[in-house]
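Visitor:
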Ligand code: OXD
Ligand code: MN
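Residue numbers (my numbering): 385 to 973.
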């Protein structure tokens, strides 16, 4: 097959001439194509069949043990000018980067099939969607891209109509960490990834396109590409508010997106609708509100910790037609990870399970599943114009200081809250786990340009006529003196979302504090929950001294962006810092 679009044909031919595959397959996205790929991977051992009685259509993939997470130190943003990539990215000059990575692609597909994957990020007919083509030699990538994007003939037709697309070239290569690079050329709408088969490095539609390249494009086109879930909260009156929330990797975005209301809420008629669990593209609509789409069509979720108590909707979603990566197995070939009942017998590397070797499932083991399999999947997720966003939420893992919830005074203060976001690191990226790092808007690993310019872009949405969402910051992870989490989290988080919506609707007054508006006494609905008064006080405590130190640290962090930092943001930080010097007016309940 070929394409009607000469630029696409030409590029495919150029890549084939360099990588020298045995054959080329243009993906049409059909069921027959998927079934044939699965059969082929079962034969080669790329996939292992799971128990088809308990998990029909489910397979296990084991990656190379050295290739289990995103590799930020090998991920580059290659803009013409170094300062455009910013201190938040590793940078390499585009010419040098092409030379370096093209040398690795030389003959890299010899004896293998080269797959051409046209894909669309977002509903196929949405003006907010963007298309790309990934070329890869990995059938595992093809199968995952089919689930995670709108892939195949319809996407190719749109690309041919539009005449442009993001070019993504991927080869698993030798899986040698010394010969591994994930390179982005935002000015050329191009991605080149070599030497890794791991999701975030290899499924180029996801982090590489929908965040790094898209954030760059969004800046010049006046929209936002964010690392956010999108969830719809329907109240008993049948009104739905959509909330977009940014948390760093492995901080519970998938759980919040699929939240099950506490029993009392369910009885009263509250419902939760899932639109997306990882990426959100937003743009102002004609009415001045921000409208969002989820550019993805599936979930690439972290398996460990996913259980009937944490996320029953996810567990139902992955009970059939799912690809698992690096999970453990039970004696009867069911997928297993820490947090599930049952006993692991084989670990993620295929060895007999021995606790001395560490967890049975890799801490960053994953499931890939179509969003349509989620019981709470919202029909609105397919709507071309997207959903209007009522609230934006930032959050991270902060064992101390940050209250359960606070609301920004206005958009600028909210942007400061997002910029100041910090979190303890998790297993989603290689490196130490449990270290506090600032991760503005949860975009540190994904913002395709200078953070200073990015903050400025965020600020620029505050314009006359704009009806912007309210901005909040949450912390589900605050710990007490005994080191235990103070807040039960999971479904109970709806209580916090309900308060936010009440604020959006102007139904509660809140309590103004120097750091933002917190729930006033009685505003957070806690009926049916065992939470002592002391615990609530601790969760909503504003430690002025601690906050003074925090604001000082935020100021230093902002200064690291030099003269690209918008002065408005530094002024906002100073404003909050000054408010903290004043004697506190209102005591927190
Ligand atoms: C992810 C991540 O895979 O953020 O979603 O690492
Ligand atoms: Mn993510």
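Where is the CB? At the ideal position from N, CA and C, for every residue including glycine.
Predicted, not measured: the structure shown is a model, and the values here were computed from it.
1. Taking only heavy atoms of ligand 2 into account, decide whether any of them is closer than 6 Å to the Cβ of residue 633.
2. Per DSSP, which residues does residue 474 bridge with? Please list them.
3. For residue 336, which of helix, strand or coil comes out of DSSP?
4. Classify residue 388 as buried or exposed, calling it buried when 16 or more other Cβ atoms lie within 10 Å of its own Cβ.
5. Hey, residue 451 and residue 493 are a contact pair by Cβ (cut 8 Å); roughly how many whole angstroms apart?
6. So, with DSSP's three-state summary, where would you put residue 485?
7. Would you check whether ligand 2 has a heavy atom nearer than 6 Å to the C-beta of residue 823?
8. What separation, rounded to the nearest whole angstrom, lies between the Cα atoms of residue 879 and residue 857?
9. Suppose the cutoff is 7 Å on Cβ atoms and the five residues either side in sequence are ignored; what does the same chain contact list for residue 401 look like?
10. Across which residues does DSSP place residue 685 in a beta bridge pair?
11. Return yes when the Cβ of residue 954 is within less than 7 Å of the Cβ of residue 843, no when it is not.
12. Whole alpha helix (DSSP H) runs in the stretch 499-577 with 4 or more residues, listed along the chain?
13. Assuming residue 766 is part of the beta strand (DSSP E), what are its boundary residues?
14. Nearest by alpha-carbon distance to residue 465: which of 456, 846, 774, 479 is it?
15. Determine the direct distance from the alpha carbon of residue 899 to that of residue 822, and round the result to whole angstroms.
16. Our contact map puts residue 534 next to residue 499 with C-beta atoms below 8 Å; I'd like the distance itself, whole angstroms only.
17. Looking only at its own chain, which residues have a Cβ that is under 8 Å from the Cβ of residue 845, when we skip the five neighbours before and after it?
18. What is the rounded straight-line gap between the Cα of residue 585 and the Cα of residue 489?
19. Rounded to a whole number of angstroms, what is the C-alpha to C-alpha distance between residue 453 and residue 893?
20. Would you kindly work out how many angstroms separate the C-alpha atoms of residue 911 and residue 441, rounded to a whole number?
21. Shorter than 6 Å, the distance from the beta carbon of residue 662 to the closest heavy atom of ligand 1, or not?
22. Can you tell me the Cβ-Cβ gap for residue 642 and residue 760, rounded? I've got them flagged as a contact below 8 Å.
23. For ligand 1, is there a heavy atom less than 6 Å away from the beta-carbon of residue 584?
24. Are the CB atoms of residue 481 and residue 425 nearer to each other than 7 Å?
25. Taking 6 Å as the limit between beta carbons, can you name the residues of its chain near residue 778, skipping five residues before and five after?
26. Where do the ends of the alpha helix (DSSP H) carrying residue 659 lie?
27. What are the boundary residues of the beta strand (DSSP E) that includes residue 882?
28. What does DSSP give as the partner residues of residue 807 in its beta bridges?
29. Would you report the Cα separation of residue 483 and residue 477, rounded to the nearest angstrom?
30. What residue range does the alpha helix (DSSP H) around residue 494 cover?
31. Would you call residue 574 buried or exposed, if buried means 16 or more other Cβ atoms sit within 10 Å of its Cβ?
32. For residue 614 versus residue 676, is the C-beta distance shorter than 7 Å?
33. Here's a check: name, in chain order, each residue in its chain whose Cβ is nearer than 8 Å to the Cβ of residue 692, leaving out the five neighbours to either side.
34. From the DSSP output, which residues share a beta bridge with residue 783?
35. For residue 711 and residue 743, what's the separation of their Cα atoms in angstroms?
36. According to DSSP, which residues form a beta bridge with residue 901?
Guide: The structure says:
1. Set against 6 Å, the gap from the CB of residue 633 to the closest heavy atom of ligand 2 is smaller.
2. 460
3. With the chain running from 385 to 973 in the structure shown, residue 336 is simply not present.
4. exposed
5. In fact, because the Cβ distance is near 18 Å, the residues do not count as touching under 8 Å.
6. helix
7. False, no ligand heavy atom lies under 6 Å from that Cβ.
8. Computed Cα separation, rounded: 14 Å.
9. none
10. 751
11. Their beta carbons are not under 7 Å apart, which means residue 843 does not touch residue 954 by this criterion.
12. 523-532, 537-546
13. Element bounds for residue 766: n/a, residue is neither H nor E.
14. 479
15. 18 Å
16. Their Cβ separation, rounded to whole angstroms, is 16 Å, which puts residue 534 and residue 499 out of contact at 8 Å.
17. 608, 668, 674, 795, 852
18. 16 Å
19. 44 Å
20. 42 Å
21. yes
22. 6 Å
23. yes
24. Note that the C-beta distance between residue 481 and residue 425 is not below 7 Å.
25. Cβ contact annotation for residue 778 (same chain, cutoff 6 Å, sequence separation greater than five): 630, 801, 802, 805, 857, in chain order.
26. Element bounds for residue 659: not the alpha helix (DSSP H) but the beta strand (DSSP E), 655-660.
27. No beta strand (DSSP E) contains residue 882, which is instead part of the alpha helix (DSSP H) from 877-888.
28. 821
29. 10 Å
30. Per DSSP, residue 494 lies in no alpha helix (DSSP H) segment and is marked neither H nor E.
31. buried
32. yes
33. Excluding residues within five positions, the ones whose Cβ falls inside 8 Å are 699.
34. Paired residue(s): none; residue 783 is not in a bridge.
35. 10 Å
36. 791, 896
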